[in-house]
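For what it's worth, UniProt numbering labels the leading residue of the sequence shown as 1, then goes sequentially.
Where is the CB? At the ideal position from N, CA and C, for every residue including glycine.
Data block below; observations after.
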Amino acid sequence: MTDQLRYDNRVAIVTGAGGGIGRVYAHYFASRGASVVVNDLGGSTTGSGADTKAADVVVDEIRKAGGKAVANYNSVEDGEAIVETALKAFGRVDIVINNAGILRDKGFARMTDDDWDLVHRVHVRGSYKVTKAAWPHMQKQKYGRIIMTASAAGIYGNFGQANYSAAKLALHGFGMSLAREGAKNNIHTNVIAPIAASRMTATVMPPEVLEALKPEFVAPLVGYLTHESTTENGGLFEVGAGFVAKLRRERSHGAVFKADASFTPTSVGAKFPEIIDFSQPQYPSSIMETDWMALLERAKALPSN
Ligand code: NAD
């Protein structure tokens, strides 16, 4: 199938676009007509230092290929400045790809407050600040496409990544709420958990696996989700190495207890097999989907626990 999705007249901000997956997004959007803000602080994987070169190199590459791009060197914590760059250079902002990130991997026992806080500041506060600054413009123009970058580490947990996994799953909750708030103004937010070979994964994966995990194989999903014709909003996707899948919540049918003095830990234990039995699964997709009245009726019909 020929692939003709284009982004002419759209302005995309890609954070952390000086390398890794972000660089590929920036090239992708620019090659299909978008004007791109290539944001990158240019620091190390662990969040130290800063260098304008990372963003400059990508902007040069894009311009040489005939695309439109400007560099921004702010930390994502200075989201207003990044959005300001988009407005000054291109007059609007349509797409925000919250991609910048760092790692401070360590066993929890050795993790410092600094390891915890810095990872949260870049991922959670950074995504918040950039999105917050873009949001009123998107509301006004009744159009926006936002990507939050979560991680399988956040969804499943991962050894040595307590800080990172907490921050990454925070972005999922953040994105789900924005999906609801933005829907009426055609602002769609989706969340991805990518896997790709980059300097971030170079130390944690064997070379032959890294070979198969090109960042180029993440960009098509992001391109699709951020296109104006795409209606998907509030999805969570795993993507990498040519694999794309959507995730959803599964809830067991659950057990019901009479809410009186007989509801004790012992009664929970007695019904624990029922609590963890997934033979009659439910797939709730909003907080409104729990029918509390029906559950109360079920409980009323019980003798005591
Ligand atoms: P990367 O280190 O190659 O790229 C991240 C970029 O973000 C770097 O260029 C860095 O300079 C920039 N950056 C860091 N802190 C910044 C800040 N405060 N402000 C602006 N820019 C900043 O890593 P990557 O693998 O391309 O990761 C991209 C995103 O995908 C990250 O959010 C990462 O957590 C996420 N992710 C990656 C993988 C993977 O397999 N590579 C897996 C799960 C999630």
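Please report the residue range of the beta strand (DSSP E) in which residue i lies.
i: A255; result: First-last for A255: undefined, no H or E at that position.
i: T189; result: I187 to P194
i: L247; result: F243 to L247
i: E250; result: Premise fails: E250 is in no beta strand (DSSP E) and is neither H nor E.
i: A149; result: According to the sequence displayed, residue 149 carries Thr and not Ala. Segment G144 to T149, the beta strand (DSSP E) holding T149.
i: V218; result: Segment: none, V218 is in no beta strand (DSSP E) and carries neither H nor E.
i: L118; result: Segment D113 to H120 is the alpha helix (DSSP H) holding L118; no beta strand (DSSP E) there.
When DSSP labels each residue in this structure, what does residue i get in the three-state scheme?
i: V37; result: strand
i: I102; result: coil
i: V14; result: strand
i: K68; result: strand
Quick check: is any heavy atom of the ligand NAD less than 7 Å from the C-beta of residue i?
i: T203; result: no
i: L41; result: yes
i: T189; result: no
i: T15; result: yes
i: I102; result: yes
i: V239; result: no
i: V76; result: yes
i: A215; result: Per the sequence presented here, residue 215 reads as Pro, with Ala not at that position. Because some heavy atom of the ligand NAD lies under 7 Å away, the Cβ of P215 counts as near it: yes.
i: I195; result: yes
i: S151; result: yes
i: I21; result: yes
i: S198; result: yes
i: N99; result: yes
Could you please give the first and the last residue of the uninterrupted alpha helix (DSSP H) stretch that includes residue i?
i: G79; result: G79 to F90
i: F174; result: A162 to G182
i: E297; result: W292 to K300
i: G154; result: A152 to Y156
Can you tell which of the options has the C-alpha that lies nearest to the C-alpha of residue i?
i: D56; options: A26, S286 and K258; result: A26
i: R104; options: G91, I97 and H123; result: H123
i: G254; options: V268, A202 and K246; result: V268
i: Y283; options: E216, Y28, L247 and K258; result: L247
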